[in-house]
């Protein structure tokens with residue numbers, strides 16, 4: 056019999072912790088929550104202070120039976136769920152189920168699964184934090200009251216299987232509002248003038264700035280012609296040369312949202328995948344007996360704090376000094392958190408910087424390695440010295456018309472030696488020099504090149520952009536971003552094209568209905584304020600019943616009004632223009648979970664369905680009769696095949712293009728190679744880089 060029983064969420068974590076604690080401890084997994092609100096009903100007594108009705112989750116009966124059996128044999132029970140609101144709630148539910156005194160020192164929390172951290176945490180057990188539990192419970196009840204009241208209304212008035220949620224509805228509205236901006240956008244004309252200057256044999260570029268020392272915009276070709284008339288000769292005089300040193304500071308270590316954004320930019324990971332792989336790295340990877348067995352490689356991955364422990368800082372600085380030299384150690388005293396951050400635990404970082412990514416490559420999967428490398432490099436870089444850039448700006452004049460040329464050079468790499476933060480537009484740090492220029496010098500303009508441009512609409516949201524926008528607006532919390540984005544996709548409210556969200560017709564219909572009758576649910580400011588109220592509950596500044604009551608009084612009135620006034624919305628099926636080959640009835644476009652498809656109008660007597668095929672303008676190279684169309688696999692991955700399938704079984708993951716190989720006349724395809732699209736032959740070694 057073990058003296059102590061420790062309960063965590065996952066079996067992987069249980070094995071690691073049991074090895075660290077020794078023979079006196081038995082560690083078991085609850086497999087997440089053991090109790091929750093029932094699925095078949097709202098489960099909230101609104102007449103009795105919103106008392107929740109918790110039941111044992113289906114399938115968890117055997118887990119609880121095993122935990123109770125182990126609890127009877129133990130002298131002491133420790134509840135060691137994750138160190139956040141959700142984890143605190145899991146511990147509280149376990150305390151109730153196992154009859155553990157929640158006011159005793161039964162709760163243990165740790166930010167990383169390493170031997171030292173685990174042993175230290177067991178020296179400081181505490182009671183269950185009821186404020187944390189109340190905050191999580193309030194969120195759960197709020198979400199249940201919204202979802203379980205609006206969703207049935209949508210089933211009745213629009214279509215079965217729909218849902219609305221407190222955070223998902225706001226995210227959907229943001230995507231729809233962005234689409235409206237794009238549709239209503241009116242491009243405005245503007246011009247730029249670029250010049251190619253030459254000094255001796257060196258050339259460099261400059262751009263039109265203004266006239267008489269004042270910046271001037273060029274809105275039309277007439278503006279450009281007026282400027283060109285002012286240029287009296289081919290030579291410009293160097294009026295002024297400004298040289299300065301500029302410092303660029305490293306990015307802060309990762310928090311949940313920045314990790315999701317950077318993994319999307321650099322690794323092409325979806326938010327859900329990022330969190331899944333991060334969970335694996337946190338819970339532990341088997342490094343082999345000689346390297347310590349199963350070991351947690353990163354700290355807890357649901358956090359909005361950029362704080363770093365002093366121990367981790369000192370270890371990292373020692374590594375930096377040894378690897379790169381003392382001058383690469385940064386002088387940061389600490390990273391300030393963004394306003395409103397809960398700061399419950401540290402930033403996401405490696406549990407030991409001495410485990411560099413290359414040393415772990417053999418024991419990690421490709422996805423684990425790439426994400427660990429990203430986290431490790433970001434953490435090391437965050438503690439390194441700023442990069443130093445030498446910048447030079449030359450002011451070149453021709454009859455008071457001013458052009459400016461800028462050059463920069465990395466003088467000292469600093470943190471950039473290890474890591475440079477990604478951007479949504481993939482801009483790279485340029486390292487270009489200007490030739491030596493002195494005031495009064497005459498420089499020849501080899502070319503003057505005016506270019507017409509038009510302003511562009513704002514871009515559609517990628518997952519990274521949407522997560523960043525939600526974070527900036529205070530919508531949701533670290534643990535909610537990935538499931539929220541997953542939900543609106545699974546419901547068919549949005550589709551993804553080129554990694555960007557596009558609202559579907561169904562998503563727009565649902566949004567319009569919710570916006571008309573429940574405007575506060577999709578109001579960004581209201582939702583952000585609700586997050587602040589939940590934070591206030593966690594901090595013990597307000598009661599959870601009061602927060603829910605303030606919301607529900609008005610919500611209940613809107614619900615009654617919507618029940619009476621919301622008209623039934625009929626989603627008409629649009630004719631597809633073809634007949635069903637099975638029964639002869641007309642085929643129609645239908646909206647489904649994964650977007651629009653073609654189905655027989657004689658449903659349910661005829662269940663014939665077809666995907667909507669997108670032709671790419673290429674003849675099938677195999678049967679010579681069909682056309683190549685874009686298809687999607689069961690995992691929603693795009694591939695290309697013949698539209699005569701199953702008569703012709705030609706398929707390709709790479710996109711075929713409508714010209715033959717100039718070398719052997721075989722099929723050419725577009726293949727993704729890193730960040731470039733490479734055109735290559737499927738038969739010979741012919742290759743060409745099409746774009747980057």
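In the numbering used here, the protein residues as written are 56 to 747.
Ideal Cβ positions, reconstructed from N, Cα and C, are used throughout, including at glycine.
Small disclaimer: the values here were computed from a predicted structure and weren't measured.
Query: Whole angstroms is fine: what's the gap from residue 367's alpha carbon to residue 402's?; Result: 11 Å
Query: Looking at the secondary structure, which residues open and close the alpha helix (DSSP H) in which residue 185 lies?; Result: 185-212
Query: For residue 337, which of helix, strand or coil comes out of DSSP?; Result: helix
Query: Reducing DSSP to helix, strand and coil, say where residue 583 ends up.; Result: helix
Query: How many angstroms separate the CA atom of residue 211 from the CA atom of residue 614?; Result: 13 Å
Query: Who are the Cβ neighbours of residue 23 in its own chain at under 7 Å, not counting the five residues just before and after it?; Result: Here the chain has residues from 56 to 747 only, and residue 23 is not among them.
Query: Going by beta-carbon coordinates alone, are residue 492 and residue 427 separated by less than 8 Å?; Result: no
Query: Spatial neighbours of residue 466 within its chain, please: CB distance less than 6 Å, with the 5 preceding and 5 following residues excluded, ordered by chain position.; Result: 443 and 445
Query: If you draw a straight line from the alpha carbon of residue 219 to that of residue 230, how long is it in whole angstroms?; Result: 15 Å
Query: According to the Cβ coordinates, are residue 512 and residue 240 closer than 8 Å?; Result: yes
Query: Indicate the three-state DSSP secondary structure (helix, strand or coil) for residue 137 in the structure shown.; Result: coil
Query: What are the partner residues of residue 246, as DSSP defines its beta bridges?; Result: 273 and 507
Query: Out of 64, 84, 68 and 73, point me to the one whose CA is closest to residue 58's CA.; Result: 73
Query: Measure from the alpha carbon of residue 236 to the alpha carbon of each residue in 296, 197 and 558, then state which is nearest.; Result: 558
Query: Count the other CB atoms within 10 Å of the CB of residue 105; is the residue buried (16 or more) or exposed (fewer)?; Result: buried
Query: How is residue 560 classed by DSSP in three states: helix, strand or coil?; Result: helix
Query: Hey, out of 89, 132 and 97, whose CA is closest to residue 113's CA?; Result: 89
Query: Less than 8 Å between the C-beta atoms of residue 191 and residue 143, yes or no?; Result: yes
Query: By DSSP, does residue 87 sit in helix, in strand, or in coil?; Result: coil
Query: Can you tell which of 151, 123 and 162 has the C-alpha that lies nearest to the C-alpha of residue 133?; Result: 162
Query: On the DSSP letters alone, give me the boundaries of the alpha helix (DSSP H) that residue 537 sits inside.; Result: 536-545
Query: Check whether the region 499-514 touches the region 279-298, taking contact to mean three or more Cβ pairs, one atom from each stretch, closer than 8 Å.; Result: yes
Query: Among residues of its own chain, excluding the 5 on either side of residue 477, which ones have a beta-carbon nearer than 6 Å to its beta-carbon?; Result: 317, 320 and 321
Query: Are the beta-carbon atoms belonging to residue 408 and residue 340 less than 8 Å from one another?; Result: no
Query: Would the region 170-187 and the region 66-83 be scored as touching if the rule is three or more Cβ pairs under 8 Å?; Result: yes
Query: Enumerated in chain order, which unbroken segments of the beta strand (DSSP E) with a length of 3 residues or greater are wholly contained in the region 649-737?; Result: 650-655, 669-674, 682-687, 693-697, 710-715, 722-728 and 731-736
Query: Run through DSSP, which three-state label would residue 329 get?; Result: helix
Query: With DSSP run on the structure shown, which of helix, strand or coil describes residue 401?; Result: coil
Query: Which complete beta strand (DSSP E) runs does the region 578-625 hold, if anything under 3 residues is left out?; Result: none
Query: Is it buried or exposed for residue 450, if we count other Cβ within 10 angstroms and need 16 for buried?; Result: buried
Query: Measure the C-alpha to C-alpha separation of residue 248 and residue 742 and round it to an integer number of angstroms.; Result: 35 Å
Query: Short check: CB of residue 507 to CB of residue 294, under 8 Å?; Result: no
Query: Would you mind reading off the limits of the alpha helix (DSSP H) that contains residue 427?; Result: 421-437
Query: Between which two residues does the alpha helix (DSSP H) carrying residue 175 extend?; Result: 170-176
Query: Suppose the cutoff is 7 Å on Cβ atoms and the five residues either side in sequence are ignored; what does the same chain contact list for residue 299 look like?; Result: 446
Query: In the structure shown, what three-state DSSP assignment does residue 366 receive?; Result: helix
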